[in-house]
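*Asks:* Residue numbers (our numbering), protein chains in the order written: chain A, 2 to 197; chain B, 5 to 573. Got a structure here, written out as structure tokens. Questions coming.
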Amino acid sequence: MTFSRRDILKSLSMTAAAGSVLRVIPLEAAQYAHRMVKAEKAAADTHAYPPKFFSAHAYKTLQSLCNTVIPADEESKGAVEAGAPEFIDLLTSENKDYQLTLGGGIMWLDNTCRDRYGKVYLDCAAEQQKEILDLIAYRKNLKTDSSLGQGIEFFSFLRKLTADGFFTSEIGIDYLGYIGNTYLQEFPGCPPVPEP
Amino acid sequence: MQVKRTPKTYEVCIIGSGAAGGTAAKVLTEGGLTVALLEAGPSVDPDRDYKEHVWPYDLPHRGGDIAGRARRELNDEFMAPNGAWEIEGEPYVSAPGSKFRWFRSRIVGGRTNHWGRIALRMAPVDFKVRSHDGMGDDWPISYEDVAPYYDKVESYIGVFGTRENIPSAPDGIFLPPPKPRCTETIIKKSCDHLNILCIPSRLAILTKPLNGRPACHYCAQCGRGCKTASNFSSSQAMIPPAEKTGRLTLITGAMARELVVGKDGKVTAVSYIDKATGEERRVNARAFIVAASACESARLLLNSRSTLFPDGLANSSGVVGHYLMDTVGSDAGGYFPQLENMPAHNHDGVGGMHMYLPWWKFDRRNDFLRGYHTEFGGGRGLPRVGDYDDLCDQVEGYGISLKRECKKKYGTYIGLAGRGEMIPNENCYCEIDPTAVDQWGIPVLRFYWKWSDNEIKMAKDMQDTYRAIVEAAGGTFIPSTLENAAHPHGIADGGVIIHEVGTARMGERPKTSAVNGFCQAHDVKNLFVTDGACFVTNADKNPTLTIMALTWRACDYLLDEAKKGNLGA
Chain A
2 MTFSRRDILK SLSMTAAAGS VLRVIPLEAA QYAHRMVKAE KAAADTHAYP
52 PKFFSAHAYK TLQSLCNTVI PADEESKGAV EAGAPEFIDL LTSENKDYQL
102 TLGGGIMWLD NTCRDRYGKV YLDCAAEQQK EILDLIAYRK NLKTDSSLGQ
152 GIEFFSFLRK LTADGFFTSE IGIDYLGYIG NTYLQEFPGC PPVPEP
Chain B
5 MQVKRTPKTY EVCIIGSGAA GGTAAKVLTE GGLTVALLEA GPSVDPDRDY
55 KEHVWPYDLP HRGGDIAGRA RRELNDEFMA PNGAWEIEGE PYVSAPGSKF
105 RWFRSRIVGG RTNHWGRIAL RMAPVDFKVR SHDGMGDDWP ISYEDVAPYY
155 DKVESYIGVF GTRENIPSAP DGIFLPPPKP RCTETIIKKS CDHLNILCIP
205 SRLAILTKPL NGRPACHYCA QCGRGCKTAS NFSSSQAMIP PAEKTGRLTL
255 ITGAMARELV VGKDGKVTAV SYIDKATGEE RRVNARAFIV AASACESARL
305 LLNSRSTLFP DGLANSSGVV GHYLMDTVGS DAGGYFPQLE NMPAHNHDGV
355 GGMHMYLPWW KFDRRNDFLR GYHTEFGGGR GLPRVGDYDD LCDQVEGYGI
405 SLKRECKKKY GTYIGLAGRG EMIPNENCYC EIDPTAVDQW GIPVLRFYWK
455 WSDNEIKMAK DMQDTYRAIV EAAGGTFIPS TLENAAHPHG IADGGVIIHE
505 VGTARMGERP KTSAVNGFCQ AHDVKNLFVT DGACFVTNAD KNPTLTIMAL
555 TWRACDYLLD EAKKGNLGA
């Protein structure tokens with residue numbers, strides 16, 4: 002989007018003056034403005050989230066992993082800014098299976114890092130963290146090292162919940178370019194589809 | 005405990021407020037009769053209860069509900085309230101070796117709050133299957149009998165579509181259809197290439213204002229309930245006009261337990277549990293319409309045992325609970341690389357498909373009898389929790405590459421869902437479980453289920469067809485993820501398509517059917533069963549429109565009988 006906040010607010014006030022409530026473009030602008038205001042509020046509201054399930058250490062590990070699974074890049078912020086750790090902690094606090102897979106999984110990761118590198122995951126050097134994650138991020142590694150099964154299972158589930166947390170957030174929805182959840186007078190149909 | 009009686013006697017008591025019960029309430033009250041309408045759930049207030057336009061991030065669980073229990077489930081946090089596969093305190097049982105799932109809605113309007121709004125007419129041949137292919141039974145009525153009522157229902161509720169003159173998919177009275185989405189233009193092109201019919205769908209969603217309801221605003225969220233009532237639900241389009249007559253008494257939280265029969269063999273009252281107090285109450289009426297959904301209606305009839313009717317009401321034939329059918333369902337999908345390069349655009353549309361594939365192989369011999377239609381959808385929808393599970397498993401890894409791959413693949417999938425006719429068989433039925441009761445003390449249903457070869461062959465044809473369609477469009481076919489020994493060719497378990505019908509079927513002969521062509525019980529003249537229970541077959545047409553048409557027709561008959569003084573007790 003290339004609208005500035007000022008443009009959007011201006012277009013909104015013009016819409017209101019024109020007395021129309023069901024115009025396509027201004028409403029999409031309204032939606033965008035709404036999200037922008039919310040995002041600003043969220044950014045201003047930086048109080049620490051008290052985890053419901055994870056210990057302080059495990060939650061820090063979860064945040065670090067979420068950030069690694071879906072990091073910020075030049076196009077958008079990442080899973081942590083999108084609230085994925087809070088979302089995962091909330092669901093895990095309510096679900097015994099999640100507690101085993103994710104709570105136990107973080108313990109497994111720390112245990113494995115201690116065995117391999119002599120320290121828990123968060124204290125490992127960046128290249129050590131990358132090494133262990135590269136092992137548990139792919140199912141095919143199970144063929145060469147059967148001791149990775151639990152880690153692969155854990156990381157696979159964490160990846161899905163991180164994707165959930167990111168892609169259902171304002172940041173993630175904007176990143177994907179979803180446009181909708183609004184009021185249209187007519188459905189415009191499909192812009193031309195490129196040939197396969 | 006003393007049973008509380010309402011001293012008043014209504015002219016008609018209707019049990020259930022969904023597609024059948026709501027239609028009956030409207031037609032009968034507008035016809036001048038006083039009606040008591042019983043609903044097992046609460047009333048619905050769209051402003052309070054519908055989550056229309058709520059973003060996933062507005063909810064702490066993002067739609068996945070407590071403990072993530074609605075993750076990838078039909079009834080997520082956004083869905084219209086009180087529709088569920090399991091209701092606490094109101095269980096049902098699958099017999100050993102059978103798997104049946106039963107979606108129930110305990111709320112005014114019933115499952116019309118949740119349904120897909122797909123409103124298809126049965127074709128003339130669908131009423132006369134035995135005459136056509138020798139299997140199953142013909143209906144005692146024909147398309148010509150029902151057609152005027154399809155007209156009435158469509159004119160009143162509003163259905164969009166186009167006139168196509170296809171024998172397997174009769175035209176109706178249609179509002180204009182919405183323009184196709186990108187996903188639909190791709191499938192249409194592929195179907196044209198393969199000589200498969202692909203036409204605008206027929207959904208009960210208003211594309212023009214109708215009967216006081218405004219047109220759709222294209223947010224794609226019909227399943228959440230529509231605050232503007234631009235899609236059809238009984239709660240918003242049938243009950244309000246009935247209430248306006250001043251002749252409707254709506255009783256919510258009323259769990260019907262038994263129909264009470266007088267000495268003359270007619271029903272005199274329905275006994276129900278008032279869920280708020282746990283007390284048993286009765287409503288007296290001169291005629292009764294059972295419209296609680298096919299299986300719930302069968303349950304009520306079977307639980308209404310008396311000296312006169314020891315096997316349950318309207319069941320001297322023994323057919324009640326039998327001939328249970330669902331729709332044959334098998335799903336597949338495809339990934340379409342051409343959609344990767346689509347510019348971001350509003351893809352929402354109505355809450356359902358803008359185009360569909362009616363049954364197109366009606367003019368040839370196939371590996372199976374009967375037919376199926378195909379529903380499809382996909383594209384750039386509002387993201388939901390669980391949407392990225394499959395892609396995460398496929399891409400694996402982490403980091404910016406994973407993030408970018410998810411964005412690249414966003415909106416590039418189309419799912420195709422076959423919905424076909426099941427032929428009733430002796431292994432599919434429900435009965436009263438000999439031991440279990442629900443929390444109201446009412447004996448519960450036990451289900452038996454087994455698909456026959458015809459359905460499995462049909463599911464295979466669906467998978468083969470969808471592969472051809474996807475590949476002809478330049479996509480990569482994704483077969484059913486359900487495919488395994490218990491689900492050959494991805495055939496869904498019984499009940500999963502939520503089209504249960506047939507458990508109190510109509511027929512000319514009292515020995516082999518429960519009700520006549522006007523949905524009137526052969527054994528009990530002041531009793532009507534007008535929901536899906538009365539179906540003789542379950543054509544590949546989603547049953548709701550036909551339920552409403554049959555109910556309207558039965559109610560016109562009942563009004564006529566009332567005028568003649570034949571109403572009943």
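Every residue gets a Cβ at the ideal spot worked out from N, C-alpha and C, and that includes glycine.
Roughly how many angstroms separate the alpha carbons of VAL389(B) and TRP106(B), rounded to a whole number?
*Replies:* Using only the alpha carbons, I get a separation of about 24 Å.
*Asks:* For the alpha helix (DSSP H) containing HIS197(B), name the first residue and the last one.
*Replies:* Per DSSP, the continuous alpha helix (DSSP H) segment holding HIS197(B) begins and ends at 186 to 198.
*Asks:* Taking only the alpha-carbon atoms, compute the straight-line gap between PRO192(A) and ASP527(B) and give it to the nearest angstrom.
*Replies:* 60 Å
*Asks:* Find the nearest neighbour of VAL264(B) within the set LYS248(B), PRO244(B), VAL287(B), GLU247(B), judged by alpha-carbon distance.
*Replies:* Ranking the options by Cα distance to VAL264(B), first place goes to VAL287(B).
*Asks:* Please state whether the Cβ-Cβ distance between ALA508(B) and SER301(B) is less than 8 Å.
*Replies:* yes
*Asks:* Is it buried or exposed for ASP135(A), if we count other Cβ within 10 angstroms and need 16 for buried?
*Replies:* exposed
*Asks:* Going by alpha carbons, who is nearest to THR541(B) out of LEU373(B), ARG206(B), TRP444(B)?
*Replies:* Residue LEU373(B) is the option with its Cα nearest to THR541(B).
*Asks:* Using 8 Å as the limit for Cβ to Cβ distance, is CYS226(B) near chain A?
*Replies:* no
*Asks:* Just to confirm the assignment, what range does the alpha helix (DSSP H) spanning TYR176(A) have?
*Replies:* 171 to 177
*Asks:* Looking at the unbroken beta strand (DSSP E) that takes in LEU252(B), where does it start and where does it end?
*Replies:* Per DSSP, LEU252(B) belongs to the beta strand (DSSP E) from 252 to 255.
*Asks:* Along the alpha helix (DSSP H) that carries GLU504(B), what are the first and last residues, could you check?
*Replies:* Segment: none, GLU504(B) is in no alpha helix (DSSP H) and carries neither H nor E.
*Asks:* With DSSP as the reference, label PHE451(B) as helix, strand or coil.
*Replies:* strand
*Asks:* Please state if the CB of SER484(B) and the CB of ALA336(B) are separated by a distance shorter than 8 Å.
*Replies:* yes
*Asks:* Classify VAL22(A) as buried or exposed, calling it buried when 16 or more other Cβ atoms lie within 10 Å of its own Cβ.
*Replies:* With a pLDDT of 34 at VAL22(A), under the threshold of 50, the predicted position of this residue should be treated as unreliable, and no value is reported.
*Asks:* Can the beta-carbon of GLY382(B) be found closer than 8 Å to that of TYR417(B)?
*Replies:* Yes, the Cβ-Cβ distance between GLY382(B) and TYR417(B) is below 8 Å.
*Asks:* If contact means a Cβ-Cβ distance below 9 Å, which residues of the stretch 451 to 473 of chain B contact chain A?
*Replies:* none
*Asks:* Go ahead and label ASP124(A) buried or exposed: buried means 16 or more other beta carbons lie within 10 angstroms of its beta carbon, across all protein chains shown.
*Replies:* Residue environment analysis places ASP124(A) among the exposed positions, since fewer than 16 neighbouring C-beta atoms fall within 10 angstroms of its C-beta.
*Asks:* Where are the alpha helix (DSSP H) runs, 4 residues long or more, that stay fully inside the stretch 218 to 292 of chain B, in chain order?
*Replies:* 238 to 241, 243 to 248
*Asks:* State the beta-bridge partners of MET329(B) as determined by DSSP.
*Replies:* MET329(B) is bridged to VAL505(B).
*Asks:* Which residues of chain B have a Cβ atom closer than 9 Å to the Cβ of ILE71(A), listed in chain order?
*Replies:* TYR402, GLY403, ILE404, LEU406, LYS407, CYS410
*Asks:* I'd like the span of the alpha helix (DSSP H) that includes CYS410(B), first residue to last.
*Replies:* 404 to 413
*Asks:* For GLY269(B) and PHE313(B), what's the separation of their Cα atoms in angstroms?
*Replies:* 9 Å
*Asks:* Starting from PRO152(B), trace the alpha helix (DSSP H) both ways and give me its first and last residue.
*Replies:* 147 to 161
*Asks:* Under DSSP, the beta strand (DSSP E) around ASP437(B) begins and ends at which residues?
*Replies:* 433 to 441
*Asks:* Go to PHE380(B), then tell me how far its alpha helix (DSSP H) extends in each direction, as first and last residue.
*Replies:* Here PHE380(B) belongs to no alpha helix (DSSP H); instead the beta strand (DSSP E) covers 376 to 382.
*Asks:* Should ALA490(B) go down as buried or exposed, given a rule of 16 or more other Cβ atoms within 10 Å for buried?
*Replies:* exposed
*Asks:* Which residues, taken in chain order from the stretch 102 to 135 of chain A, show a beta carbon closer than 9 Å to some beta carbon of chain B?
*Replies:* The residues in question are LEU134, ASP135.
*Asks:* Out of GLU56(B), ALA84(B), THR13(B), PRO144(B), which one is the CA nearest neighbour of GLY521(B)?
*Replies:* PRO144(B)
*Asks:* For LEU198(B), which residues in the same chain have their Cβ closer than 8 Å to its Cβ, ignoring the five residues on either side in sequence?
*Replies:* ALA472, ILE473, ALA476
*Asks:* Classify THR33(B) as helix, strand or coil using the three-state DSSP reduction.
*Replies:* helix
*Asks:* Given the structure, does GLY45(B) come close to the ligand COA, in the sense that its CB is under 7 Å from one of the ligand's heavy atoms?
*Replies:* Of ligands this structure carries none, so the ligand COA is not represented either.
*Asks:* Residues in the same chain with beta-carbon distance under 6 Å from PHE532(B), minus the five sequence neighbours each way, listed in chain order, please.
*Replies:* ILE293, CYS523, GLN524, ALA558
*Asks:* Interface residues of chain A around GLY333(B) at Cβ under 9 Å?
*Replies:* By Cβ distance, chain A contributes nothing, its closest Cβ being about 25 Å from GLY333(B), past 9 Å.
*Asks:* For SER109(B), which of helix, strand or coil comes out of DSSP?
*Replies:* strand
*Asks:* Secondary structure at ASN169(B), three-state DSSP: helix, strand or coil?
*Replies:* coil
*Asks:* Just the chain A side, please: which residues come within less than 8 Å of HIS349(B) by C-beta, in chain order?
*Replies:* Ordered by position in chain A, the residues that pass the 8 Å Cβ test against HIS349(B) are ILE180, PRO189, CYS191, PRO192.
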